[in-house]
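> As they're listed, the protein sequences go chains Y and C.
Taking the numbering used here, the leading residue of the first sequence gets 1, the next gets one more, and so forth.
Taking the numbering used here, the leading residue of the second sequence gets 143, the next gets one more, and so forth.
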Amino acid sequence: MSYTITEDCTGCGACVRRCPVEAITGERKQRHTIDPELCIDCGACALVCPTQAILCPNGERSKPKRINEWLQPVWNYEACVLCRICVITCPTGAIQQMDARHANGIRAGEPYLRAPKNCISCSFCAADCPTNAIRMANPKVS
Amino acid sequence: MNAVMGKVLWVNLSEGKIWEETIAPEIYERVLSGLGLAAYLLYQRIPPGCDPLGPENILGFVSGLLTGTGSLMTGRWMVVGKSPLTGRWGDANCGGTLSPAIKQCGYDGIFFTGISPKPVYLLVEHGRAELRDASDLWGKDTRQTENELLSRMSGRQGAVACIGPAGEAGSLIAGIANDQGRMAARSGLGAVMGSKRLKAIALHGAYRIPVHNPQEMKQLSDRFNRFLNIQPPFVNGRSMAVLGWLLQVLPLQMRQDGLLYKILLSKWGTTSMNQFSIETGDAPIRNWGGSNRSYGLRTSQRINPDLIRAREQVKYHCYSCPVGCGGMCSLPQGGETHKPEYETVLALSGLLQCTDLDIVFEANELLNRAGMDSISAGGTVAFAIECYEHGLLTPQETDGLELRWGNAAVILPLLQRMVTRQGIGDLLADGVRAASQRLGRGSEKFAIHAGGQELAMHDGRNDPGFALHYVVEPTPGRHTIGSYLYYEMFQLWRKLPHLPAVRSLFYTKNSKYRPDAEKAIWAAACSQFTQLMNGAGLCLFAGLFGVHRVPIFEWLNAATGWQKSPAEYLRIGQDIQTIRQAFNIREKVALQAEIGDRAIGAPPLSEGANRQRSVPLNELVSRYWQQMGWDEQGRPHPEQIQALGLDFPE
Numbered sequence: 001m002s003y004t005i006t007e008d009c010t011g012c013g014a015c016v017r018r019c020p021v022e023a024i025t026g027e028r029k030q031r032h033t034i035d036p037e038l039c040i041d042c043g044a045c046a047l048v049c050p051t052q053a054i055l056c057p058n059g060e061r062s063k064p065k066r067i068n069e070w071l072q073p074v075w076n077y078e079a080c081v082l083c084r085i086c087v088i089t090c091p092t093g094a095i096q097q098m099d100a101r102h103a104n105g106i107r108a109g110e111p112y113l114r115a116p117k118n119c120i121s122c123s124f125c126a127a128d129c130p131t132n133a134i135r136m137a138n139p140k141v142s
Numbered sequence: 143m144n145a146v147m148g149k150v151l152w153v154n155l156s157e158g159k160i161w162e163e164t165i166a167p168e169i170y171e172r173v174l175s176g177l178g179l180a181a182y183l184l185y186q187r188i189p190p191g192c193d194p195l196g197p198e199n200i201l202g203f204v205s206g207l208l209t210g211t212g213s214l215m216t217g218r219w220m221v222v223g224k225s226p227l228t229g230r231w232g233d234a235n236c237g238g239t240l241s242p243a244i245k246q247c248g249y250d251g252i253f254f255t256g257i258s259p260k261p262v263y264l265l266v267e268h269g270r271a272e273l274r275d276a277s278d279l280w281g282k283d284t285r286q287t288e289n290e291l292l293s294r295m296s297g298r299q300g301a302v303a304c305i306g307p308a309g310e311a312g313s314l315i316a317g318i319a320n321d322q323g324r325m326a327a328r329s330g331l332g333a334v335m336g337s338k339r340l341k342a343i344a345l346h347g348a349y350r351i352p353v354h355n356p357q358e359m360k361q362l363s364d365r366f367n368r369f370l371n372i373q374p375p376f377v378n379g380r381s382m383a384v385l386g387w388l389l390q391v392l393p394l395q396m397r398q399d400g401l402l403y404k405i406l407l408s409k410w411g412t413t414s415m416n417q418f419s420i421e422t423g424d425a426p427i428r429n430w431g432g433s434n435r436s437y438g439l440r441t442s443q444r445i446n447p448d449l450i451r452a453r454e455q456v457k458y459h460c461y462s463c464p465v466g467c468g469g470m471c472s473l474p475q476g477g478e479t480h481k482p483e484y485e486t487v488l489a490l491s492g493l494l495q496c497t498d499l500d501i502v503f504e505a506n507e508l509l510n511r512a513g514m515d516s517i518s519a520g521g522t523v524a525f526a527i528e529c530y531e532h533g534l535l536t537p538q539e540t541d542g543l544e545l546r547w548g549n550a551a552v553i554l555p556l557l558q559r560m561v562t563r564q565g566i567g568d569l570l571a572d573g574v575r576a577a578s579q580r581l582g583r584g585s586e587k588f589a590i591h592a593g594g595q596e597l598a599m600h601d602g603r604n605d606p607g608f609a610l611h612y613v614v615e616p617t618p619g620r621h622t623i624g625s626y627l628y629y630e631m632f633q634l635w636r637k638l639p640h641l642p643a644v645r646s647l648f649y650t651k652n653s654k655y656r657p658d659a660e661k662a663i664w665a666a667a668c669s670q671f672t673q674l675m676n677g678a679g680l681c682l683f684a685g686l687f688g689v690h691r692v693p694i695f696e697w698l699n700a701a702t703g704w705q706k707s708p709a710e711y712l713r714i715g716q717d718i719q720t721i722r723q724a725f726n727i728r729e730k731v732a733l734q735a736e737i738g739d740r741a742i743g744a745p746p747l748s749e750g751a752n753r754q755r756s757v758p759l760n761e762l763v764s765r766y767w768q769q770m771g772w773d774e775q776g777r778p779h780p781e782q783i784q785a786l787g788l789d790f791p792e
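1. With a threshold of 8 Å between beta carbons, is Asn303 of chain C in contact with chain Y?
2. Could you tell me whether the Cβ atoms of Gly624 of chain C and Gly602 of chain C are closer together than 8 Å?
3. Using only the alpha-carbon positions, how far apart do Ser293 of chain C and Tyr3 of chain Y sit?
4. Output yes or no for whether 8 Å exceeds the beta carbon distance between Phe253 of chain C and Ile200 of chain C.
5. Roughly how many angstroms lie between the CA atoms of Asn104 of chain Y and Gly13 of chain Y, to the nearest whole one?
6. Which word fits Pro780 of chain C, buried or exposed, when buried means at least 16 other C-beta atoms lie within 10 angstroms of its C-beta?
7. From what residue to what residue does the beta strand (DSSP E) around Leu340 of chain C run?
8. Quick one: list the residues of chain Y neighbouring Ala348 of chain C, beta-carbon separation under 7 Å, in chain order.
9. With 16 as the cutoff for other CB atoms within 10 Å, does Ser156 of chain C come out buried or exposed?
10. Got a sec: which bits of the region 384-412 of chain C sit with their beta carbon under 9 Å from any beta carbon on chain Y, in order along the chain?
11. Please compile the residues from chain Y whose C-beta is within a distance smaller than 8 Å of the C-beta of Val456 of chain C.
12. Could you tell me which residues DSSP pairs with Met396 of chain C in its beta bridges?
13. Output needed in chain order: residues of the region 438-466 of chain C with a Cβ under 7 Å from some Cβ in chain Y.
14. If you measure between the beta carbons of Leu214 of chain C and Pro130 of chain Y, is that distance less than 8 Å?
15. I need the straight-line Cα distance from Ala243 of chain C to Ile134 of chain Y, nearest angstrom please.
16. When you compare only the Cα positions, how much space is there between Phe695 of chain C and Gln373 of chain C?
17. I want to verify the contact list: residues of chain Y whose CB lies under 8 Å from the CB of Asn367 of chain C, in sequence order.
18. State the DSSP-derived secondary structure class of Ala166 of chain C, mapped to helix, strand or coil.
19. Count the other CB atoms within 10 Å of the CB of Lys637 of chain C; is the residue buried (16 or more) or exposed (fewer)?
20. Going by C-alpha to C-alpha distance, which of Y:Gln72, Y:Asp99, Y:Cys45 sits closest to Arg107 of chain Y?
21. Can you pull the chain Y neighbours of Arg298 of chain C, defined as C-beta to C-beta under 7 Å?
22. When you check each C-beta in the region 210-225 of chain C against every C-beta of chain Y, which residues fall closer than 7 Å?
23. Touching or not, the region 586-597 of chain C and the region 541-551 of chain C, by the rule of three or more beta carbon pairs under 8 Å?
24. Does DSSP put Asp515 of chain C in a helix, in a strand, or in coil?
25. Any idea what DSSP makes of Tyr530 of chain C, helix, strand or coil?
26. To the nearest angstrom, how far is the alpha carbon of Phe529 of chain C from that of Ser578 of chain C?
27. Please classify Gln388 of chain C as buried or exposed, where buried requires at least 16 neighbouring CB atoms within 10 angstroms.
28. Flag this pair as yes or no: are the beta carbons of Leu759 of chain C and Leu610 of chain C separated by less than 8 Å?
29. Is Ile737 of chain C helix, strand or coil by DSSP?
30. When Cβ atoms are compared, which residues of the region 256-276 of chain C fall closer than 9 Å to chain Y?
31. Report yes or no: is there a C-beta of chain C within less than 8 Å of the C-beta of Ile88 of chain Y?
32. Is there a C-beta anywhere in chain Y that falls below 8 Å from the one on Pro242 of chain C?
33. Measure the C-alpha to C-alpha separation of Leu556 of chain C and Ser414 of chain C and round it to an integer number of angstroms.
34. Would Asp283 of chain C be called buried (16 or more neighbouring beta carbons within 10 Å of its own) or exposed?
35. In the DSSP assignment, find the unbroken alpha helix (DSSP H) run with Lys661 of chain C in it and report its ends.
36. Is Trp410 of chain C buried or exposed, if buried means 16 or more other CB atoms sit within 10 Å of its CB?
See the structure below:
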């Protein structure tokens with residue numbers, strides 16, 4: 001069951017730009033469609049749709065959020081085991097491992113949000129972390 | 143269907159066609175995914191007697207059933223096909239990042255038939271697959287190729303597997319690399335990839351992997367991880383050498399447990415065993431003709447794990463692995479390389495009587511970049527040195543290289559020639575069996591292999607279980623399937639009470655050489671359990687921690703929703719082994735592979751840890767066939783194969 005686009009779509013293209021797997025297509029100012037074969041249920045389209053035109057898998061209409069309200073992963077490095085699952089599972093490549101240089105208190109090999117602007121708040125990293133070392137939080141609040 | 147993607151991708155390189163094949167859920171339930179699925183498909187699709195380097199051979203890349211399900215240490219991918227090195231079933235196993243990438247692209251495996259008219263690579267991006275021209279990549283080494291293809295993925299998290307110049311040149315000891323030089327090295331499948339003119343596969347996908355009970359998966363992983371966190375600070379490299387010496391002089395064998403091995407792996411990686419293995423007689427020395435006496439503690443101190451760890455810049459973890467036995471190390475001449483594994487270090491030091499660690503590091507990177515198996519390469523250099531020492535090779539034939547024991551200066555030039563097939567390198571590039579057949583002159587006795595594959599750095603004269611598996615496995619010469627040591631460490635009896643337990647902490651060394659019925663039970667259980675691990679994508683090292691710690695059976699049930707017992711899962715491992723064996727029957731090869739006399743103590747060594755030890759191989763083999771439920775020739779019964787929905791080989 002993937003996300004779908006309803007007749008309220010105005011064809012603004014905001015969802016197309018955010019979709020990490022290029023599952024959304026459509027002419028500008030025309031109703032867009034999501035290819036269910038490609039959709040990974042990340043919910044990025046629902047976060048950005050200004051007209052609440054996205055129907056979520058749970059049957060509810062989407063509610064857009066301002067980008068500074070999006071939740072992002074925060075690591076508890078005490079619990080992190082450096083297994084790289086979060087790095088590999090991230091659909092946008094926003095998470096990387098720290099290289100041999102240490103920076104900002106993050107040690108070599110530890111994962112971190114290298115490209116916060118690419119994070120779509122899908123929470124796949126938190127869901128897949130085998131040691132529950134990731135929680136999703138508002139970076140400004142946390 | 144949970145835990146798997148339910149389909150595989152097929153590519154006909156001759157015609158440039160790409161298509162998907164849906165796999166029925168009952169197939170996964172019969173043989174799992176990974177190596178099981180690959181064996182099931184290739185047994186039906188590879189025509190008997192085909193040329194391994196011809197268009198009819200199939201090259202497959204498969205991911206494990208547990209990969210990406212929230213389990214730990216389950217990121218192994220396997221490459222499969224008919225081996226040009228052995229003429230038998232071929233497979234090789236590797237960590238890194240390719241395994242999750244295969245599934246994230248929407249497939250459980252990717253299979254290639256045919257031969258491309260020009261060099262190509264396969265690009266799969268989230269379900270969209272296409273062949274692209276690789277003319278500009280042909281000739282590049284594995285790291286150059288991988289970095290170039292990753293840069294074309296516009297910064298996305300991708301994974302690449304590729305061959306280097308060795309595979310392009312058709313070296314029968316070529317492997318396939320991913321993640322900056324980690325190799326699926328054995329069986330010579332890099333040569334198959336090169337013969338198909340397939341330079342690389344580049345994968346990027348983001349599909350989610352469905353799991354039956356994610357919460358239970360996490361609970362199981364959390365419990366396993368608590369064991370992995372145990373790490374006392376007091377062990378050092380010297381203590382391992384002393385422990386090895388102590389176990390050598392004692393007339394008793396100490397049962398080994400995964401807890402110690404876990405501590406060693408976390409700290410040093412596999413090189414923790416360097417001096418320990420030499421002292422106990424596990425590591426072959428000087429082309430299997432020497433012993434720990436000819437490479438004593440003062441000599442082996444040069445490859446002490448502390449010296450290797452001192453070069454480590456950052457630890458390296460394969461996907462889903464908290465242990466991180468790998469590392470990225472600095473090179474003496476600048477640059478970096480994966481920390482050389484135990485196998486590589488010993489194949490390029492003790493086996494050659496070499497003591498120069500700088501050369502080992504440089505050779506490790508040279509071979510990783512070339513895409514050549516370091517075990518086979520080391521074994522082949524050892525063969526060449528011994529031939530030279532006995533006058534079977536002349537300085538004119540070796541391009542002036544003085545191939546002498548301990549002459550480290552010739553190792554890099556010789557390996558370089560093997561990669562490029564220049565001069566003497568052309569003779570050696572296909573491993574010891576092909577080299578000895580071409581050279582003749584009585585050199586066969588110096589070619590130490592099983593069924594054409596150079597033996598790994600584990601001596602059957604110390605653990606006859608290794609020798610047994612070297613000759614009875616469908617992929618001969620492999621150290622990653624079974625041994626007496628592995629049986630002790632798997633501790634399968636904790637989940638399978640019908641299997642005999644090894645309870646005594648010490649037992650006599652002499653008892654290892656008695657070919658009694660219990661040894662066959664151990665060996666069969668190892669074969670079955672390892673095939674199960676290869677279907678699941680579990681790292682062998684996780685298995686060695688013991689099944690009471692690594693919850694492989696519980697993970698499989700929680701990931702898939704099946705309710706199978708450990709005995710039923712072991713039965714699946716048996717079925718996978720049966721299919722691989724049936725493949726070899728069809729190829730009309732000897733099911734008991736020939737093995738170099740030295741490797742089984744014929745004649746036995748006169749000194750060292752393995753002095754006067756020889757392996758009662760024939761008794762062990764016949765008991766093993768019996769324990770596997772096959773006939774006295776090692777042939778599965780027709781009904782065992784037909785029960786899997788497969789035709790019995792003629």
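We treat Cβ as the ideally placed atom computed from N, Cα and C, and that holds for glycine.
This structure is a prediction, so every number in the text was calculated from the model and none was measured.
To lay it out plainly:
1. On the second sequence, residue 303 of chain C is found 161 positions in, with the first residue counted as 1. For the record, residue 303 of chain C in the displayed sequence is Ala; it is not Asn. Judged by the 8 Å Cβ criterion, Ala303 of chain C is not in contact with chain Y.
2. As a working mapping, residue 624 of chain C is identified with position 482 in the second sequence. As a working mapping, residue 602 of chain C is identified with position 460 in the second sequence. It is not a contact, given that the beta carbons lie outside the stated cut-off.
3. Residue mapping note: residue 293 of chain C aligns to position 151 of the second sequence, counting from 1. Residue mapping note: residue 3 of chain Y aligns to position 3 of the first sequence, counting from 1. Distance between the alpha carbons of Ser293 of chain C and Tyr3 of chain Y: 31 Å.
4. Residue 253 of chain C sits at position 111 when you count from the first residue of the second sequence. Residue 200 of chain C sits at position 58 when you count from the first residue of the second sequence. Cβ atoms of Phe253 of chain C and Ile200 of chain C: closer than 8 Å.
5. In the first sequence, residue 104 of chain Y corresponds to position 104, counting from 1. In the first sequence, residue 13 of chain Y corresponds to position 13, counting from 1. Looking at the two C-alpha atoms, the distance is approximately 36 Å.
6. The sequence position of residue 780 of chain C within the second sequence is 638, counting from 1. Burial call: exposed.
7. The residue you call residue 340 of chain C lines up with position 198 of the second sequence. Residues 340-346.
8. Taking the second sequence and counting its residues from 1, one reaches residue 348 of chain C at position 206. Correct list: Pro20, Val21, Ile40, Pro91.
9. As a working note, residue 156 of chain C is residue 14 in the second sequence. Looking at its Cβ environment, which holds fewer than 16 other Cβ atoms inside 10 Å, Ser156 of chain C is exposed.
10. none
11. Sequence index remark: in the second sequence, residue 456 of chain C carries index 314 (1-based). Per Cβ cutoff of 8 Å: Asp99, Ala100, Ala108, Gly109.
12. Taking the second sequence and counting its residues from 1, one reaches residue 396 of chain C at position 254. Answer is C:Phe648, bridged to Met396 of chain C.
13. Gln455, Val456, Lys457, His459, Tyr461, Ser462, Cys463, Pro464, Gly466
14. For the purposes of this step, residue 214 of chain C is identified with residue 72 of the second sequence, where counting begins at 1. For the purposes of this step, residue 130 of chain Y is identified with residue 130 of the first sequence, where counting begins at 1. It is a contact, given that the beta carbons lie within the stated cut-off.
15. Residue numbering aside, residue 243 of chain C sits at position 101 when the second sequence is read from its first letter. Residue numbering aside, residue 134 of chain Y sits at position 134 when the first sequence is read from its first letter. Whole-angstrom Cα-Cα distance: 22 Å.
16. Within the second sequence, numbered from 1, the residue matching residue 695 of chain C stands at position 553. Within the second sequence, numbered from 1, the residue matching residue 373 of chain C stands at position 231. Using only the alpha carbons, I get a separation of about 26 Å.
17. Translated into positions along the second sequence, residue 367 of chain C becomes position 225. Per Cβ cutoff of 8 Å: Val81, Pro130, Thr131.
18. Residue 166 of chain C sits at position 24 when you count from the first residue of the second sequence. Ala166 of chain C: coil per DSSP, three-state reduction.
19. One-based indexing of the second sequence puts residue 637 of chain C at position 495. Buried, since its Cβ has 16 or more Cβ neighbours within 10 Å.
20. If you number the first sequence from 1, residue 107 of chain Y lands on position 107. Per the Cα distances, Y:Asp99.
21. The sequence position of residue 298 of chain C within the second sequence is 156, counting from 1. Chain Y residues near Arg298 of chain C: Gly93.
22. Gly212, Leu214
23. no
24. Here residue 515 of chain C corresponds to residue number 373 of the second sequence, with the count starting at 1. Here Asp515 of chain C sits in coil by DSSP.
25. Counting from one through the second sequence, the residue named residue 530 of chain C turns up at place 388. If DSSP states are grouped into helix, strand and coil, Tyr530 of chain C belongs with the helices.
26. Residue mapping note: residue 529 of chain C aligns to position 387 of the second sequence, counting from 1. Residue mapping note: residue 578 of chain C aligns to position 436 of the second sequence, counting from 1. Here the sequence assigns Cys to residue 529 of chain C, which means Phe is not the residue at that position. For Cys529 of chain C and Ser578 of chain C, the distance between alpha carbons rounds to 9 Å.
27. Position 246 of the second sequence, counted from the start, is the residue given in the question as residue 388 of chain C. It should be noted that the sequence gives Leu, not Gln, for residue 388 of chain C. Exposed.
28. On the second sequence, residue 759 of chain C is found 617 positions in, with the first residue counted as 1. On the second sequence, residue 610 of chain C is found 468 positions in, with the first residue counted as 1. It is a contact, given that the beta carbons lie within the stated cut-off.
29. In the second sequence, counting from the first residue as 1, residue 737 of chain C sits at position 595. Strand, per DSSP.
30. Glu267, His268, Gly269, Arg270
31. The residue labelled residue 88 of chain Y in the question sits at position 88 within the first sequence. Closer than 8 Å to some Cβ of chain C, the Cβ of Ile88 of chain Y qualifies, so yes.
32. For the purposes of this step, residue 242 of chain C is taken as the residue at position 100 of the second sequence. It does: the Cβ of Pro242 of chain C has a partner Cβ on chain Y nearer than 8 Å.
33. For the purposes of this step, residue 556 of chain C is taken as residue 414 along the second sequence, with counting starting at 1. For the purposes of this step, residue 414 of chain C is taken as residue 272 along the second sequence, with counting starting at 1. C-alpha separation (whole angstroms): 28 Å.
34. Here residue 283 of chain C refers to the residue found at position 141 of the second sequence. Asp283 of chain C is buried by the Cβ-count criterion.
35. Counting from one through the second sequence, the residue named residue 661 of chain C turns up at place 519. Looking at the DSSP string, the run of the alpha helix (DSSP H) that includes Lys661 of chain C is 659-678.
36. In the second sequence, counting from the first residue as 1, residue 410 of chain C sits at position 268. Per the 10 Å Cβ criterion, buried.
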